[in-house]
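Chemist:
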Amino acid sequence: MLEKQMIKCPVCDTEFIPKTFYPEETIFTTTEGKSYSGFDGYINLNGVKPPELILGKWVTYCTNCNYVLKFVKEIVRQEKIKSQSGKGTEIKSKYNNYYYGFPFGDYNQYLKEITEKVKDEINLELHNINFEVWENLYKVNDNFKFLVRFFANLEKYCNSSFNHQNGECLNSKIEKLNLPKDMKDTLLKLNTIREEIIHGDYEISPKEEEQINQILIKFIFYLINKHVKPIITQEKLENGYDFIELDDLKMEIKEYLANYLYSSFNSNHTSKNQIQGFMNSFLQKIDEQPEKDDIEIY
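According to our numbering, the sequence shown holds residues 1312 to 1609 in order.
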């Protein structure tokens, strides 16, 4: 929205972004000399004088002193309407909107633009940690195949995170991740199970199967806490976003991440409940970074 401007109040000189603009009805004269509403929430295309021009008024108020400001805007010239190939309803929707050709933006526009910037940063970080390989694991139903691929991905992640010496065992790498204790213990146990299956017959117990079913979504939450949450600290969100309510921005981010997780990991009831619990707590303390034992596991 670089082309948009902030409004400067002529009374108190405050520069501000209006919450919104309100339409004010404009009355035109018809060809029969009758009064005619040219702006009642819709553009009326017939019988307006002058035939080449339709105007609309938009009203807002200063956020500091409440002074009412009115703006008159050329919505569309009639010859442009006639040249349009779209349906009349589409034309009305497009031109009966101050977003088109209006030099000032409102709060929702700025919030949308800033949210998109934060989303781009989140997506870049998810790409950098190769998040897609973890999403793909959700489609693997065989426990042994899952464990093999999961720990292969985990070892690559460890190697990219630290400078490991050649020959260093995976358990040692897991120890260096500074995971929450319960997750670390589960990973070490499941890695032992994987090795025992590889080297001989091993019967997975119901409890171990449940741990296998839960470990992926838990590790996904760990990755988001570790790599995504630092992007949206209080300090970073405030930088350059002076006119946006932080709670609004945090809710936009929360909704985006929740939809992202639901679309990838919502194939069963347990995962749905885990995602809900995780997202409810994810941004409650946005200025606090997750420490070793602070990450909640659902």
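For every residue, glycine included, the Cβ atom is placed at its ideal position computed from N, Cα and C.
(1) Can you list, in chain order, the residues of its chain whose CB lies under 8 Å from that of Y1454, leaving out five sequence neighbours each side?
(2) Per DSSP, what kind of secondary structure is K1623 in: helix, strand or coil?
(3) Quick check: what's the CA-CA separation for M1590 versus K1565?
(4) Would you please state the rounded distance, in angstroms, between the beta carbons of F1457 and I1528? I believe it to be under 8 Å.
(5) DSSP on M1556, reduced to helix/strand/coil?
(6) Use the C-beta contact count for T1503: other C-beta atoms within 10 angstroms, 16 or more gives buried, fewer gives exposed.
(7) Nearest CA to the CA of C1320: which residue from Y1333, K1381 and E1335?
(8) Measuring CA to CA, which of I1318, V1429 and W1369 is closest to D1559?
(9) Are the stretch 1476 to 1486 and the stretch 1536 to 1553 in contact at 8 Å, needing three or more beta carbon pairs?
(10) Where do the N-terminal and C-terminal ends of the beta strand (DSSP E) with Y1333 fall, by residue?
(11) What is the rounded straight-line gap between the Cα of Y1552 and the Cα of K1583?
(12) With DSSP collapsed to three states, give me the class of T1371.
(13) Is the beta carbon of Y1333 less than 8 Å from the beta carbon of T1374?
(14) On the three-state DSSP scale, how would you describe K1330?
(15) Does DSSP classify L1450 as helix, strand or coil?
(16) Candidates V1444, T1426 and C1469: which alpha carbon is nearest E1549's?
(17) Go ahead and pull the three-state DSSP assignment for L1380.
(18) According to DSSP, F1415 sits in a beta bridge with which residue or residues?
(19) Can you say whether L1572 is buried or exposed, counting buried as having 16 or more other CB atoms within 10 angstroms of its CB?
(20) Short of 6 Å in beta carbon distance, which residues of its chain neighbour E1466, apart from the five on each side in sequence? Order them along the chain.
(21) Let me know the secondary structure DSSP gives P1517 once reduced to three states.
(22) Less than 8 Å separating the beta-carbons of N1474 and W1445?
(23) Under the three-state reduction of DSSP, which class applies to L1501: helix, strand or coil?
(24) In terms of alpha-carbon separation, which member of E1326, V1459, F1593 and S1592 lies closest to L1501?
(25) On the three-state DSSP scale, how would you describe L1572?
(26) Going by beta carbon distance, what residues of the same chain come within less than 7 Å of A1569, once the five residues before and after it are set aside?
(27) Identify whether T1325 lies in helix, strand or coil by the three-state DSSP scheme.
(28) To which residues of the same chain is F1532 closer than 6 Å at the C-beta, ignoring the five residues directly before and after it?
(29) Given that a residue counts as buried once 16 or more other Cβ atoms are within 10 Å of its Cβ, and exposed if not, what is C1323?
(30) Just mark L1264 as buried or exposed, buried being the case when its beta carbon has 16 or more other beta carbons within 10 Å.
(31) Whose C-beta lies closer than 7 Å to the C-beta of Q1316 among residues of the same chain, with five residues either side of it excluded?
Modeler: According to the data block:
(1) Counting from one through the sequence shown, the residue named residue 1454 turns up at place 143. Tyr is not the amino acid found at residue 1454; the sequence shown has Asn there. If we look at N1454 and ignore the five residues flanking it on each side, its Cβ neighbours are I1515, E1520 and I1523.
(2) Given that the chain is displayed from residue 1312 to residue 1609, the structure contains no residue 1623 and the question cannot be resolved.
(3) Position 279 of the sequence shown, counting from 1, holds the residue named residue 1590. Position 254 of the sequence shown, counting from 1, holds the residue named residue 1565. Rounded to the nearest angstrom, the two C-alpha atoms are 7 Å apart.
(4) For this step, residue 1457 is matched to residue 146 along the sequence shown. For this step, residue 1528 is matched to residue 217 along the sequence shown. Actually they do not touch by this definition, with Cβ atoms about 13 Å apart.
(5) For the purposes of this step, residue 1556 is identified with residue 245 of the sequence shown, where counting begins at 1. The residue you asked about is not Met; residue 1556 is Glu in the sequence shown. Coil.
(6) Along the sequence shown, one-based indexing puts residue 1503 at 192. Exposed is the call here.
(7) Indexing the sequence shown from 1 puts residue 1320 at position 9. Checking every option, the nearest Cα to that of C1320 belongs to K1381.
(8) Your numbering for residue 1559 matches position 248 in the sequence shown. Answer by Cα proximity: V1429.
(9) no
(10) By one-based count along the sequence shown, residue 1333 stands at place 22. Y1333 -> beta strand (DSSP E) spans Y1333 to E1335.
(11) Mapped onto the sequence shown, residue 1552 falls at position 241. Mapped onto the sequence shown, residue 1583 falls at position 272. Rounded to the nearest angstrom, the two C-alpha atoms are 33 Å apart.
(12) If you number the sequence shown from 1, residue 1371 lands on position 60. It is a strand residue.
(13) As a first step, residue 1333 must be located in the sequence shown, where it is residue number 22. As a first step, residue 1374 must be located in the sequence shown, where it is residue number 63. No. Outside cutoff.
(14) Working through the sequence shown from its first residue, we reach residue 1330 at position 19. Here K1330 sits in coil by DSSP.
(15) Residue mapping note: residue 1450 aligns to position 139 of the sequence shown, counting from 1. The residue you asked about is not Leu; residue 1450 is Lys in the sequence shown. Three-state DSSP puts K1450 in coil, outside helix and strand.
(16) On the sequence shown, position 238 is the one that residue 1549 refers to. Comparing Cα positions, the closest option is T1426.
(17) For the purposes of this step, residue 1380 is taken as residue 69 along the sequence shown, with counting starting at 1. In this structure, L1380 counts as strand in the three-state DSSP scheme.
(18) The sequence position of residue 1415 within the sequence shown is 104, counting from 1. Per DSSP, Q1316.
(19) On the sequence shown, residue 1572 is found 261 positions in, with the first residue counted as 1. Answer is buried; the Cβ neighbour count reaches 16.
(20) As a first step, residue 1466 must be located in the sequence shown, where it is residue number 155. Here the set comprises L1481.
(21) Taking the first residue of the sequence shown as 1, we reach residue 1517 at position 206. P1517 falls in the helix class under three-state DSSP.
(22) Indexing the sequence shown from 1 puts residue 1474 at position 163. Indexing the sequence shown from 1 puts residue 1445 at position 134. No, the Cβ-Cβ distance between N1474 and W1445 is not below 8 Å.
(23) For the purposes of this step, residue 1501 is taken as residue 190 along the sequence shown, with counting starting at 1. Reduced to three states, the DSSP call for L1501 is helix.
(24) Indexing the sequence shown from 1 puts residue 1501 at position 190. Here the closest residue by C-alpha is V1459.
(25) Counting from one through the sequence shown, the residue named residue 1572 turns up at place 261. L1572: helix per DSSP, three-state reduction.
(26) If you number the sequence shown from 1, residue 1569 lands on position 258. Taken in chain order, the residues that qualify are I1586 and M1590.
(27) For the purposes of this step, residue 1325 is taken as residue 14 along the sequence shown, with counting starting at 1. Of the three classes helix, strand and coil, the one that applies to T1325 here is coil, per DSSP.
(28) Start at 1 with the first residue of the sequence shown, and residue 1532 comes out as number 221. Excluding residues within five positions, the ones whose Cβ falls inside 6 Å are F1589.
(29) The residue you call residue 1323 lines up with position 12 of the sequence shown. Exposed is the call here.
(30) Only positions 1312 to 1609 of the chain appear in this structure, which leaves residue 1264 out of reach.
(31) Residue numbering aside, residue 1316 sits at position 5 when the sequence shown is read from its first letter. P1414 and F1415.
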